[in-house]
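Working notes, beginning with the structure itself.
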Amino acid sequence: MRCSRCVLPSTTPGISFDAQGVCNYCRKAKPVTYQGEEALLEVIDRFRGQGRYDCIVALSGGRDSSYVVIKAVRDYKLKVLAFNYRNPFTHPVASENISRIQKRLGVDLVQLEFPGDIHRRTMRHNLVAWMRRPSLAMVPMMCVACKMLWKPILDIASRHDIKIAFSGSNPYEQTTFKRELLGIDAEASVARYYTGYIFGLVRESLSNVRYLASEVLPTTVKGYMFSGP
Ligand SMILES: [Zn+2]
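If you count the sequence shown from 1, position 11 lands on 52 in our numbering, and the numbers rise without skipping.
In structure tokens, the structure reads:
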């Protein structure tokens, strides 16, 4: 059976269907509302910096973040400091895009790598743990090392007295189901989001104690502390 509206199959975790064959995810989905560009421009004008940079932009070299840099420089006339985390899985095309953006738009770039092969080791460890007891809710643990980049971004912003931080994404790739699998409602407040994450991760880790290895635990804690809702 499939949802008559979104075609999700009956094998989807937590799915149920009503009499019309519409799934619970469709029923509780709320349309996205945008505040609009005017509201964004107001924020930009309020927090535009007096110093060398107006904003910091997380730049992976992919489509969304590259667009944000172009938009910030060309349309909003912002002085951009780009931030890139060079992780072990960074694709050569992404690196090429970043140097092209730097040259064409003349933005400064800070590049960061974590020492000691920590990203690859954490990913391998969590993948092995996951295979011992596969759980959909713990799939995000595979990319937990990436979440560590938020603290350096905030540190750099504060060092340069930057009040605006941009990161790019698009509504078609939203993955709220990941947090819902940990028992956190899509509408949860910030406080409920964090407590939900802690309880969800602890509950899952107690069912699979391999996640609790001292080697990778600090990475997980640091990652989740600075990744917001
Ligand atoms: Zn549906």
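Note that beta-carbon positions come from the ideal geometry of N, C-alpha and C, so glycine has one too.
Ligand 1 and residue i: does the residue's C-beta get closer than 7 Å to at least one heavy atom of that ligand?
| i | result |
| --- | --- |
| Tyr66 | yes |
| Arg127 | no |
| Leu49 | yes |
| Val250 | no |
| Val63 | yes |
Are the CB atoms of residue i and residue j nearer to each other than 8 Å?
| i | j | result |
| --- | --- | --- |
| Tyr94 | Lys120 | yes |
| Phe130 | Val151 | no |
| Leu177 | Leu222 | yes |
| Arg173 | Asn249 | yes |
| Tyr110 | Leu100 | Just to set this straight, residue 110 is Val in the shown sequence, not Tyr. It is a contact, given that the beta carbons lie within the stated cut-off. |
| His166 | Glu256 | yes |
| Gly209 | Ser45 | no |
| Leu190 | Leu153 | yes |
| Asn138 | Gly102 | yes |
| Val180 | Leu146 | no |
| Lys219 | Phe267 | no |
| Tyr252 | Met182 | yes |
Would you list the one or two residues that DSSP bridges to residue i?
| i | result |
| --- | --- |
| Tyr126 | Leu153 |
| Val98 | Ala123 and Phe207 |
| Pro50 | Arg43 |
Using a threshold of 7 Å, is the CB atom of residue i nearer than that to any non-hydrogen atom of ligand 2?
| i | result |
| --- | --- |
| Cys44 | This structure lacks ligand 2; the ligands present are ligand 1. |
Hey, how far is the Cα of residue i from the Cα of residue j?
| i | j | result |
| --- | --- | --- |
| Pro175 | Ser230 | 29 Å |
| Ile97 | Ala186 | 21 Å |
| Tyr265 | Arg233 | 14 Å |
| Leu258 | Trp171 | 15 Å |
| Ile225 | Phe240 | 10 Å |
| Arg89 | Val63 | 46 Å |
| Ile203 | Thr261 | 27 Å |
| Gly55 | Glu245 | 17 Å |
| Pro212 | Thr74 | 11 Å |
| Cys47 | Asp158 | 41 Å |
| Lys69 | Leu49 | 14 Å |
| Thr53 | Lys118 | 45 Å |
| Lys192 | Pro72 | 31 Å |
Within the segment 204–256, note down every full alpha helix (DSSP H) run reaching 4 residues or more, in order along the chain. 217–222 and 231–247
Taking only runs that begin and end inside the segment 172–207, name each unbroken alpha helix (DSSP H) of 4 or more residues, in chain order. 191–200
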